[in-house]
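Have a look at the structure below, then the notes.
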Amino acid sequence: MNDRTLPIVSPAPARCESHREPLRPAEGRGRRDAGDGHLSILYRGPLASCDYDCAYCPFAKRRDDPERLRADRAALERFTAWVAGRDHPVSVLFTPWGEALARSWYRAAMVELSRLPHVRRVAVQTNLSCRTGWLADADLTRLALWVTYHPSQVAHDRFLAKCRELSRLGVRHSVGIVGHPDHLDAARRLRADLPAGAYLWVNAEEGRRYTDDEAAQWAAIDPLFGYSRFAHPSAGLACRTGESVVSVSGDGTVRRCHFIPEVIGNLYDGSFERALRPRACPAATCDCHIGYVHLEPLGLYDVFADGVLERIPAGWPALP
Ligand code: SF4
Ligand code: SF4
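Residue numbers (the numbering used here): 1337 to 1656.
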């Protein structure tokens, strides 16, 4: 896990993004999906273990027992088969609690899904601790990685070498870091050393209030940090989740997003499809990128375009 955002289950170690001013429902509606039945799915199975040991994370160095791992694998294979059998366009972002790419079945699912013609994008949040050889089997026109840098867990040079390897292989990816003051030098150094074509995002730390000077320091690294600095007021505003974006858990339970506990159906009995419709957000605020990127008044589909799920702005590195 990386950009934690947690709804229904545990506490989030790192907060995601925001905007300072409240938006009105009719304001700045971003581009909607093309109307071709495209569905974006945020999938999170039972897996809840990680090979890293981040101090703030409830999944640090946690191990899943064999039964949970078997259940996770079976759930993922069922999900992958469902996507393979779908006849409308689909994009998938895996948002595991722990580190998915440490498990062979997630690497296999990424490869398999990337090779399906109706899958537009398959992406995963990862700490990039895995080897990169498996990517050779994937269709890199569809696969992407959402990579988070954890300076306490991996040396700069080692992490940078992995990122450069992704660039060399032509693997679409973003790289990010939590905006903790202790990370500032590491973030600056990484930004300086990363290829210019790699977008480095910064997530505001959960619960931290940034002064304008502090925010400016982070914005010098990530020009879109302003979206992360504050939680977005979202109550009553149109959000694509529950219409063209859904959250799916291992047993196929469908919710509109990771943050709203109401169940709208199940993937495997088809009941969720009858529930898809335009919806307003019932929550007061939305503070994580994987949520508010779909909040229509923010217009972030125009900012990220084809990179909505993997968090790569359109035209990067040509942003002002
Ligand atoms: S890398 Fe692992 S320990 Fe660190 S925040 Fe992500 S899931 Fe937690
Ligand atoms: S804005 Fe959308 S993603 Fe965020 S909490 Fe509301 S419904 Fe969920």
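Glycine is no exception: its CB is placed at the ideal position from the N, C-alpha and C atoms. Computed from a predicted model, the values in this text were never measured in an experiment.
Between His1492 and Arg1545, the gap from beta carbon to beta carbon reaches 8 Å or more. In this structure the stretch 1432–1451 does not touch the stretch 1484–1502; the number of beta carbon pairs closer than 8 Å is below three.
C-alpha of Asp1518 to C-alpha of Glu1541: approximately 11 Å in a straight line. For Gly1421, there is no enclosing beta strand (DSSP E); the enclosing alpha helix (DSSP H) has its first and last residue at 1402–1421. Relative to ligand 2, even the nearest heavy atom lies 7 Å or more away from the CB of Arg1613.
Rounded to the nearest angstrom, the gap between the Cα atoms of His1509 and Pro1614 is 30 Å. As the crow flies, the alpha-carbon of Pro1432 is around 7 Å from that of Gln1461. In the three-state DSSP reduction, Gln1489 falls in the coil class, being neither helix nor strand. His1374 is bridged by DSSP to nothing; it lacks a bridge partner. Annotation for Asp1387: Glu1435, Ala1438, Ser1465 place their beta carbon closer than 7 Å to its own, counting only its chain and skipping 5 residues before and after. When DSSP states are grouped into helix, strand and coil, Phe1430 belongs to the strand group. For the pair of segments examined, the stretch 1601–1614 was found to touch the stretch 1568–1584: the number of CB pairs separated by less than 8 Å reaches three.
Short of 8 Å from the beta carbon of Val1419, and not among the five residues preceding or following it, lie these beta carbons of its own chain, in chain order: Ile1377, Val1426, Val1428, Leu1449, Leu1452, Val1455.
Rounded to the nearest angstrom, the gap between the Cα atoms of Arg1399 and Leu1383 is 9 Å. Gly1643 is the residue among Gly1643, Ala1650, Trp1652, Gly1651 whose C-alpha sits nearest the C-alpha of Trp1482. Look at Asp1389: its beta carbon is less than 7 Å from one of the heavy atoms in ligand 1.
Taking the Cα positions, Cys1390 is about 15 Å away from Phe1495. For the pair Ile1596 and Pro1618, the CB atoms are nearer than the 8 Å cut-off. Annotation for Gly1562: the continuous alpha helix (DSSP H) segment containing it runs 1562–1565. In this structure, Ala1532 is the residue among Ala1532, Ala1574, Leu1573 with its C-alpha nearest to the C-alpha of Asp1558. Nearest in C-alpha terms to Val1458, of all of Gly1651, Ala1411, Ala1407, Leu1375, is Leu1375.
Along the stretch 1622–1656, the alpha helix (DSSP H) occurs as fully enclosed runs of 4 or more residues at 1625–1628, 1636–1640, listed in sequence order.
Non-local beta-carbon contacts of Phe1561 in its own chain, meaning distances under 6 Å to residues more than five positions away in sequence, involve Val1538, Trp1554, Ala1555 in chain order.
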